[in-house]
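Q:
Following this line, the structure appears as structure tokens:
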């Protein structure tokens, strides 16, 4: 079946066209996350190359279209703001929880050790606390992006673009 993907779920066979899948991903991403007292700290690795920073900024901007609370950026190294400064950037926002969102594909030393250490969160629970404006704020570290239909669809699109 040209242009279609097959996913099995129990006894049923679900056929999804990759174009539909991309649209489904876009539609899900467009649903607003209505939690004003939750901030999202988008974490990039950091680089000396300006386009890497621009990609993290653009990703945060796109997330901000779906999230009603504040969205900020920070970098593990080689760029500013660093993670501590990124956390401080939520001062004056009245957030009660900050979700640290590493824009990394898979777990590695940075997501398992370096980022949790910088955030002062427990590496196993990926939760912790910090003081912000004299108030205790919960920190939750999200998992890396991982394997997902949206990522697979994007990867496939990049592969087909390489053939043009």
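In UniProt numbering, the protein residues as written are 1 to 164.
Built from N, CA and C at the ideal position, the CB exists for glycine as well.
(1) Shortest alpha-carbon distance to residue 104 belongs to which of 39, 38, 55?
(2) When burial is assigned at 16 or more other CB atoms within 10 Å of the CB, is residue 153 buried or exposed?
(3) I'd like the ranges of any beta strand (DSSP E) spanning at least 3 consecutive residues and lying wholly in the segment 103 to 140.
(4) So is residue 101 buried or exposed if we call it buried at 16+ other beta carbons inside 10 Å?
(5) Roughly how many whole angstroms lie between the Cα atoms of residue 94 and residue 69?
(6) Ignoring anything shorter than 3 residues, give me the beta strand (DSSP E) runs that lie fully in the segment 34 to 76, in order along the chain.
(7) Taking only the alpha-carbon atoms, compute the straight-line gap between residue 119 and residue 84 and give it to the nearest angstrom.
(8) On the three-state DSSP scale, how would you describe residue 93?
(9) In angstroms with no decimal places, state the Cα-to-Cα distance between residue 136 and residue 115.
A: Put simply:
(1) Along the chain shown, read from residue 1 onward, the residue named residue 104 stands at position 104. Checking every option, the nearest Cα to that of residue 104 belongs to 55.
(2) To locate residue 153, count along the chain shown from 1; it is residue 153. Its Cβ being crowded by 16 or more others within 10 Å, residue 153 is buried.
(3) 127 to 132
(4) Residue 101 sits at position 101 when you count from the first residue of the chain shown. The residue in question, residue 101, is buried, as its Cβ has 16 or more Cβ neighbours within 10 Å.
(5) Taking the chain shown and counting its residues from 1, the one referred to as residue 94 is at position 94. Taking the chain shown and counting its residues from 1, the one referred to as residue 69 is at position 69. Between the alpha carbons of residue 94 and residue 69 lies a gap of roughly 10 Å.
(6) List check, beta strand (DSSP E) in window: 38 to 44, 71 to 75.
(7) Locating residue 119 in the chain shown gives position 119, counting from the first residue. Locating residue 84 in the chain shown gives position 84, counting from the first residue. A direct Cα-Cα distance of roughly 7 Å separates residue 119 from residue 84.
(8) The residue you call residue 93 lines up with position 93 of the chain shown. Coil, per DSSP.
(9) By 1-based counting over the chain shown, the position of residue 136 is 136. By 1-based counting over the chain shown, the position of residue 115 is 115. For residue 136 and residue 115, the distance between alpha carbons rounds to 20 Å.
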